[in-house]
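Protein chains in written order, with our numbering: chain A, 110 to 373; chain B, 5 to 283. The next block holds one structure in the form of structure tokens; read it before the comments.
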Ligand SMILES: Nc1ncnc2c1ncn2[C@@H]1O[C@H](COP(=O)(O)OP(=O)(O)OP(=O)(O)O)[C@@H](O)[C@H]1O
Ligand SMILES: [Mg+2]
């Protein structure tokens with residue numbers, strides 16, 4: 110599925126009753142099967158953008174369009190949440206099968222599908238465990254397995270590896286890439302990590318502070334399949350430096366806006 | 005600024021033998037299920053001793069052994085069992101009468117802001133009234149017999165379950181509802197698979213409180229207005245000064261309360277263990 114984000118805006122009302130303009134006329138296009146990473150200053154509206162892509166809240170203005178031939182059986186999108194959002198009273202396999210259960214798929218069939226996704230993510234042995242019994246990395250594997258099991262057109266990931274330790278994160282990144290090489294689903298992946306973005310993405314979008322819009326659209330030239338080794342190349346270093354400068358400018362501007370906003 | 009002359013210092017952390025040994029034998033024995041009876045038995049033994057030797061007034065604190073004999077006597081020769089049955093029946097009816105509507109009302113209030121706005125003030129006004137104060141009114145309405153007692157227990161046990169059911173629904177985890185909506189959940193599925201199961205521990209906590217209160221309501225009602233039932237026996241034995249018999253009925257009430265607490269705690273541990281250490 111191709112995703113066209115066409116000038117969307119979104120405002121919230123803060124507790125004091127003042128409008129908070131979060132997304133300001135953001136326009137971007139994501140090709141069928143493309144892996145796009147999004148980075149931006151803290152609190153700029155990345156999760157809000159993802160929520161709109163996931164159909165959880167409508168934009169105030171503009172439109173989000175999904176177009177192309179449907180290749181998947183599930184909902185248009187599935188979200189992988191930073192805090193995994195696993196249901197604590199369900200076993201891991203019942204969590205992973207949740208989307209299929211909502212669709213009315215029979216018990217045997219959905220368990221089979223869920224189990225195969227658990228195997229893919231390397232946690233097949235924990236099918237009957239409860240989420241609380243798993244480490245952070247394993248829970249996130251289960252979160253990814255759930256999103257994949259429901260077979261969406263577009264996978265939306267909100268800083269999925271932010272809460273795990275560095276070694277686990279590297280492993281999860283490589284596993285995600287391996288899985289993606291096979292499915293080639295369209296992916297929108299939010300991250301705070303520039304290196305993570307360069308390792309994973311076909312394209313990196315840098316967002317501005319609030320009201321957020323795209324300030325940089327960078328094509329990542331590294332061939333696939335990729336491994337973490339590309340981080341050693343000089344080209345990687347240059348791109349990293351470049352993205353860091355853009356992100357720094359955006360963050361500075363956001364902080365200045367904050368100070369001025371508070372001063373007035 | 006002072007410059008200290010440097011002396012060589014060694015700080016050493018060594019194993020804590022006491023902590024390694026863990027809790028002592030006696031502590032472990034006491035915290036086992038049967039061990040928890042030991043303090044009770046010791047207390048009864050001291051009471052027995054004090055009562056027999058004469059440290060405490062035998063008239064008000066007869067020896068526990070005498071009370072136990074009275075209990076056995078009442079069971080074998082009296083109508084204690086019949087009265088126990090009557091009381092249990094009232095507790096169950098009163099409990100059901102209070103808790104079933106409470107769950108429905110509480111969940112509805114949690115789900116519908118309109119219901120909350122209308123019903124919440126009413127509950128806030130009624131809740132603090134000691135329900136026992138309603139007994140005269142209930143006697144006027146329902147006459148004598150079991151009905152006013154059962155209704156009293158129902159009223160008392162309504163509130164904790166209603167309030168906890170509402171809170172359980174309101175405190176539903178927003179992340180989970182968003183997750184379910186993203187995966188295509190209908191409103192009914194959201195309710196049945198996410199919101200209500202998530203509210204169950206809170207609902208059950210309310211039900212536990214209500215169960216205890218239903219017992220309390222029945223005993224209080226029998227005290228004041230009953231012609232039968234355990235609470236009424238306690239009162240009657242007190243009036244005719246059969247103190248050992250009175251203690252025997254108190255022991256039965258204590259046993260009922262203990263059973264109720266233990267059983268409901270077991271259910272909670274068994275079915276709602278996911279609330280512990282949940283993240
Ligand atoms: N439901 C809401 N009501 C009011 N304000 C909100 C709401 N959700 C988010 N906000 C505010 O909107 C802004 C953007 O939030 P959002 O979570 O989209 O940012 P983010 O870029 O994902 O932040 P982070 O880097 O912390 O993940 C923040 O200032 C946040 O406080
Ligand atoms: Mg966010």
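Virtual Cβ for every residue (Gly too), placed ideally from N, Cα, C. Keep in mind the model is a prediction, meaning the values are calculated, not measured.
Can you list, in chain order, the residues of its chain whose CB lies under 8 Å from that of residue 161(A), leaving out five sequence neighbours each side? 117, 119, 132, 167, 168 and 173
Name the chain B residues whose beta carbon is nearer than 9 Å to that of residue 186(A)? 186
Any Cβ of chain A within less than 8 Å of the Cβ of residue 264(B)? no
So for residue 217(A), helix, strand or coil by DSSP? helix
Within the 8 Å Cβ cut-off, does residue 179(B) reach chain A? Cβ-Cβ to chain A under 8 Å: yes for residue 179(B).
If the criterion is Cβ atoms closer than 8 Å, does the pair residue 235(B) and residue 226(B) meet it? yes
For residue 155(A), verify whether its CB is less than 7 Å away from any heavy atom of ligand 2. yes
Could you list which residues in chain A have their beta carbon closer than 8 Å to that of residue 278(B), in chain order? 197, 198, 239 and 241
Run down chain B in chain order and give the residues with a C-beta less than 7 Å from the C-beta of residue 207(A). Within chain B, the residues near residue 207(A) are 187.
Can you check the segment 217 to 302 of chain A for any beta strand (DSSP E) of at least 3 residues that lies completely inside it and give the ranges in chain order? 263 to 267 and 295 to 299
So is residue 158(A) in contact with chain B if we call contact Cβ pairs under 8 Å? no
Taking 8 Å as the cut-off, decide whether the C-beta atoms of residue 282(A) and residue 314(A) are in contact. no
Using a Cβ-Cβ cut-off of 6 Å (strictly less than) and excluding sequence neighbours within five positions of residue 112(B), which residues of its own chain qualify? 119
Please report the distance separating the alpha-carbon of residue 74(A) from that of residue 191(B). Shown here, chain A extends from 110 to 373; a query on residue 74(A) therefore has no answer.
Separation of residue 204(A) from residue 326(A), as counted between CA atoms: 36 Å
Would you kindly work out how many angstroms separate the C-alpha atoms of residue 283(B) and residue 176(B), rounded to a whole number? Reliability of the predicted coordinates at residue 283(B) is poor, the pLDDT of 37 falling under 50, and no value is obtained from them.
Given residue 226(A) as reference, the closest of 347(A), 241(A) and 208(A) once Cα atoms are compared: 208(A)
Assuming residue 396(A) contacts residue 159(A) (C-beta within less than 8 Å), just tell me the rounded distance between them. Coverage of chain A is limited to positions 110 through 373, which leaves residue 396(A) absent and any answer about it impossible.
Taking a Cβ distance cut-off of 8 Å, strictly less, list which residues of the segment 246 to 259 of chain B are near chain A, in chain order. none
Using a Cβ-based criterion (distance less than 7 Å to any ligand heavy atom), does residue 318(A) qualify as near ligand 1? Result no, Cβ not under 7 Å from ligand 1.
Assess contact between the segment 141 to 156 of chain A and the segment 214 to 223 of chain A, defined as three or more Cβ pairs (one per stretch) separated by less than 8 Å. Is contact present? no
Is there contact between the segment 162 to 177 of chain B and the segment 206 to 215 of chain B, where contact requires at least three CB pairs shorter than 8 Å? yes
Name the two residues that bound the continuous beta strand (DSSP E) containing residue 146(A). Start and end: 144 to 148.
Which runs of the beta strand (DSSP E) at least 3 residues long sit entirely within the segment 319 to 368 of chain A? Give them in chain order. Qualifying beta strand (DSSP E) stretches, in chain order: 323 to 328.
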